[in-house]
Each structure stands twice: as structure tokens, then as C-alpha cells.
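In this note's numbering, the protein residues as written are 206 to 775.
All C-beta atoms, glycine included, are put in the ideal place defined by N, C-alpha and C.
The model shown is predicted, which means the values in this text are computed figures rather than measured ones.
See structure below.
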């Protein structure tokens with residue numbers, strides 16, 4: 206089966222994508238490299254299709270791709286014959302977009318004078334570029350001018366661009382006329398004229414005639430509709446999982462989501478819709494991975510993505526049953542973290558892993574809310590988890606261990622008090638943190654400064670306003686003056702400012718840079734103008750460091766007294 210044959214079946218909606226397939230992710234560079242390989246006659250893999258008449262959920266290939274495309278899913282209720290792509294969808298999608306559609310509103314153009322090898326086989330030989338009609342016209346105008354002056358230009362580039370979708374739909378006569386027009390317009394010499402002719406022939410051969418470049422294997426091809434030998438959805442899912450676990454094409458959450466979509470059709474739309482909704486007005490960047498992990502923990506399946514668990518129908522049913530409650534718990538968690546913990550970004554809290562225990566807790570509480578009596582304990586527990594990052598290693602096992610050993614005993618007993626003391630003991634066991642001190646604050650400088658400077662929201666509309674952490678006293682100058690790295694990178698030598706302001710600050714003397722910063726802003730950041738000299742640097746970080754600890758201890762209500770429980774337990 207030729208490439209064009211496959212693409213025509215896609216265009217006729219005979220080859221479609223099962224709901225289990227992930228989104229299209231290839232960029233323009235990968236697409237053009239694929240076309241270069243095809244023009245060279247290199248094999249580009251195998252496409253695995255499943256022919257079925259089953260009432261299965263599917264979606265059509267996107268012809269005109271744009272970032273953020275939302276898919277429409279269909280059910281094969283009429284039991285028509287479909288061929289669903291189990292492997293090779295990125296290549297097929299790329300070719301369909303390139304030859305039939307557009308990528309971000311741009312067409313694919315072929316430099317019909319490319320193809321001359323320079324001896325380096327790793328270099329692109331046949332050139333393809335995405336562009337608009339206007340851009341291509343400008344490229345060609347410049348190309349014609351350059352070619353006519355080629356004798357006076359060293360290392361000039363031979364180029365002339367034709368829209369690829371026009372080329373493969375042209376009749377032989379129209380293609381011959383195009384060749385003559387290009388040759389006359391550019392006044393091509395014999396070698397280049399020959400290359401133009403060869404390229405047009407090669408393009409026809411690789412797309413229309415060659416069946417070895419992109420091979421197609423079709424499961425259940427041409428078997429009778431009611432044949433008992435036909436594979437069912439479970440067989441095909443197993444094939445899909447095995448293909449993708451042997452390679453690196455999909456991550457574990459992609460595979461889990463694929464299994465969910467096959468067994469729970471509505472998830473293909475409801476889960477992406479929820480993710481879009483939850484990410485408005487914050488910068489936590491909640492993704493499929495996070496939501497599925499939350500669904501696993503609230504369904505008592507652990508926090509590790511174990512595909513085998515979804516081979517049991519009762520586990521799928523548990524996830525379906527818990528979906529709405531879990532989403533409510535996630536929403537409530539985000540509200541609590543923003544309003545009561547003063548954090549609006551995954552960067553600030555270190556990792557979204559720290560949210561999962563709170564989601565589990567709120568999944569079980571009345572109305573998915575933090576009881577008034579527990580606001581302080583939940584806040585202190587969450588902030589300590591975010592400062593110390595115990596889930597930064599072995600997250601798959603540690604998250605579930607924390608939930609089962611710390612949270613579950615209380616929740617199973619219908620006790621909704623949040624176990625802050627147990628949380629401190631657990632954090633100490635994994636991180637060694639035994640007080641609210643400089644070591645604790647240094648472990649998450651983003652959070653330390655975010656709370657200190659009382660930044661309301663980390664989401665910005667203008668990229669140059671993005672908050673960035675910067676040294677108050679420049680590193681390079683401190684190194685020149687002989688300060689060690691631990692002093693230079695002391696948490697007390699940092700503050701948060703906008704991206705552009707940070708770029709403008711580079712290596713400026715702090716006394717001079719902060720001269721036009723309002724006193725109110727410096728006071729909020731606990732920066733004493735009178736200490737902004739290099740001679741006072743050690744005094745500055747010692748005084749400011751203690752002030753930051755005192756301020757955050759008062760703000761968060763986390764004190765050294767909270768850690769006395771460690772002495773009792775020991």
C-alpha cells in the first residue's frame with residue numbers, strides 16, 4: 206500500500222484514530238525531516254491498523270492543525286468498516302497535514318531544486334518548509350534574483366518553492382508545464398534543470414508507487430464481519446499497550462488514559478475539559494498525569510501508574526464512580542492553596558505532587574472542604590511538604606506511603622482532624638528537617654520569597670512581567686571579593702522581581718539599583734537600604750535571614766515548638 210493510498214483512505218474517513226491514541230505532538234522540524242527521509246527512499250517504519258466493524262469510539266485525523274485543537278469523538282453506531290491506527294499515527298498525521306492540510310495556518314513547500322548531496326548524510330538533503338503563500342512568493346522572487354547573479358555570488362543557494370499539495374494532485378501535463386515555467390523563469394542550467402525533473406519524478410514515485418517506504422500491517426484485514434476470529438477491544442488494547450511499553454512513544458499516564466478511554470468513553474472529553482477548566486486563573490499547570498494520579502489514590506489503587514490494575518473491571522468502575530468527587534476535591538484543593546496558603550504556581554510549591562495528599566484528604570471531608578478547625582494544620586502540613594520536598598524522589602511510592610500511614614488511619618476512623626504532628630515526623634524521617642530554620646527555607650527559595658514578598662498571583666499576561674528570582678548582591682562581584690558559594694547563594698541574598706527588571710539589573714551595584722525602588726517595597730522584602738554595601742554583606746544576610754525566618758514563622762504559624770514532637774517520639 207502506497208503512502209498516497211493510505212492518505213486517501215484517511216481523507217475518505219476510512220482510516221481513523223481510536224480514542225486511545227494520544228494527541229498529535231510532532232513539530233514542523235520532525236515533519237520536514239520525515240519528508241526528507243521519504244524523498245531519499247529511506248524506510249520510515251510500519252503503520253499498524255485494526256480493521257473492525259465494532260461500535261467503538263474514534264476521531265478523524267486533523268487536516269488543519271493548530272495548537273490547542275480540540276477533538277470531536279464519534280461512535281461507530283452504524284457498524285461501518287473502519288481501520289483504526291494502533292501504531293504510526295504521528296507519521297500518518299504528519300503526512301496528512303503536509304499533503305492535504307496546514308500546520309498553524311501554513312502550507313508545506315518543497316524546494317524543487319534541493320536534493321544535491323554534500324557528502325554528509327546526516328544533513329537534510331531535500332528541503333521542505335512551512336510558510337504562507339505570500340512568504341513563498343517572496344522566497345521565489347529572491348531566489349530568481351539570486352540565481353541570475355549566481356556567477357558573482359559565492360555559495361549561493363539554489364531554491365524554488367512549490368506547494369507540496371499542488372504537486373501531488375497535478376496531472377502529468379500540468380506538472381510538465383510547471384517545470385517549463387520554473388526553468389524559463391530562472392533560466393536554469395542543465396544540471397539544475399535535470400535535478401528539477403528528477404525531483405518531480407522522485408516525489409511521484411515515493412508517494413504513489415513505492416510500497417516499501419511506509420509499510421502497513423492490517424489486523425483482521427478482509428475477514429468476514431461476524432468472524433469469531435476477529436479481535437475485540439480488549440485484544441487491541443493489549444496490543445496497543447505492549448507496543449508502547451516496549452518503546453518510549455507514550456509515557457505511563459498516556460497509556461493509562463488510553464485504557465480509560467477504551468473502557469470509559471466519556472473520559473476522552475470530560476478529562477481534557479476538566480483540565481482546561483482547572484487551569485484558568487492559576488499557574489499550577491494541572492495535567493492528565495496529575496488528575497489520573499489523583500483518581501488512582503482516591504480509588505485506593507496507589508499513586509504508582511500500574512497498567513495491570515486497569516485490566517480489572519472493578520478498578521475501572523471505581524475510577525468512573527469517583528471521577529466527579531475527585532474533580533471537586535482537586536478544585537477545592539486549588540482554592541485552598543491559593544486562598545489559605547497564598548500559593549498560585551506549581552513552581553512555588555516545588556511540585557504538584559505536594560497537592561495529592563490534600564486532594565485525598567478533601568475527597569473524604571464533608572462537601573470537600575477543609576473544616577474550619579483544621580485550616581491551620583492543613584496549611585502548615587502543606588507548606589512544610591512544599592518547603593522540604595519529600596516527594597521529589599520516589600514519588601510513586603512515597604505519596605502513597607504518606608497517605609496510607611499518615612492520613613488513612615484518621616479518615617478510616619471518620620476523624621477529619623489533619624495529622625500535623627504525624628506529618629512532621631514523616632517529613633523528618635525522609636528529609637532530616639528538625640526545625641523551621643534556614644535549611645528548611647533554603648530547600649524551596651521560590652516559596653520562601655513568594656510568601657515573604659506576598660506575591661498575589663504567579664500568572665501574568667505579559668511574559669516580561671514573569672516573576673524571577675535574582676541575587677540582591679551580584680554573584681560575580683561577590684566571587685571577586687572572595688565570598689564562598691554558600692554565602693553567595695544564601696536565601697537571604699535573593700528576592701523576586703519581574704523578568705525585564707531582572708535583565709536590566711545584571712551586575713549593578715545594589716545600592717545604585719535599589720535607589721529608585723520604593724521604601725514600601727524594600728520593607729516588604731525585608732531589605733535594609735543601609736546595609737546594601739559589599740562591606741556589610743555578611744551582616745546583611747545574617748540580619749535579613751533571621752528576619753525572614755521570624756516573618757514566615759509568624760505568617761505560616763510554623764514554629765520550632767512544632768518540632769518538639771520529634772524529641773517525644775525519639
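Between the stretch 280 to 289 and the stretch 366 to 379, the count of C-beta pairs closer than 8 Å stays below three; the two stretches do not touch.
Going by C-alpha positions, residue 326 is about 10 Å away from residue 245. Across the structure, residue 758 and residue 658 are spaced so that their CA atoms are roughly 14 Å apart.
Note on residue 473: 16 or more other CB atoms within 10 angstroms of its CB, so buried under the neighbour-count rule.
If you check the CB distance, residue 591 and residue 554 come in under 7 Å.
Counting other Cβ atoms within 10 Å of its Cβ, residue 607 reaches 16 or more and is therefore classed as buried.
Taking C-beta atoms as the reference points, residue 251 and residue 420 count as a pair closer than 7 Å. The Cβ atoms of residue 568 and residue 523 do not sit closer than 7 Å to each other.
Here the alpha carbons of residue 300 and residue 213 stand approximately 11 Å from one another. Looking at 515, 343, 255, 744, the one whose alpha-carbon comes closest to that of residue 425 is 255.
In this structure, the beta-carbon distance from residue 206 to residue 416 falls below 7 Å.
An exposed status is given to residue 394, since fewer than 16 other beta-carbon atoms sit within 10 Å of its beta-carbon. Counted as a single uninterrupted DSSP element, the stretch harbouring residue 649 is not any beta strand (DSSP E), since DSSP gives it neither H nor E. For residue 316, DSSP records a beta bridge to 366. According to the DSSP assignment, residue 263 belongs to the beta strand (DSSP E) that extends over 262 to 264. Burial check for residue 387: the Cβ neighbour count within 10 Å reaches 16 or more, so the residue is buried. For residue 421, the uninterrupted beta strand (DSSP E) segment begins and ends at 420 to 424.
Taking C-beta atoms as the reference points, residue 698 and residue 676 count as a pair closer than 7 Å.
Per the coordinates, the alpha-carbon of residue 463 lies some 42 Å from the alpha-carbon of residue 702.
Pairing residue 317 with residue 392 gives a Cβ-Cβ distance that is not under 7 Å. Residue 631 carries a helical assignment under DSSP once its states are collapsed to helix, strand and coil. Secondary structure in the stretch 546 to 597: the alpha helix (DSSP H) runs of 4 residues or longer, each lying completely within the stretch, are 551 to 554, 561 to 569, 580 to 593 in chain order. Nearest C-alpha to residue 311 among 322, 321, 334: 334. In the three-state reduction of the DSSP assignment, residue 611 falls in the helix class.
In the structure shown, residue 641 adopts coil according to DSSP, grouped into three states. For residue 255, the enclosing beta strand (DSSP E) stretches over residues 251 to 257. Comparing alpha-carbon positions, the option among 371, 541, 339 lying closest to residue 576 turns out to be 541. In the DSSP assignment, residue 507 falls outside any alpha helix (DSSP H), carrying neither H nor E. The Cβ atoms of residue 638 and residue 627 do not sit closer than 7 Å to each other.
Its chain contains 392 as the residues whose beta carbon lies nearer than 7 Å to that of residue 353, once the 5 sequence neighbours on both sides are disregarded; these appear in chain order. The beta strand (DSSP E) runs of length 3 or more contained entirely in the stretch 298 to 354 are, from start to end of the chain, 312 to 316, 333 to 336. The DSSP-derived three-state label of residue 481 is helix.
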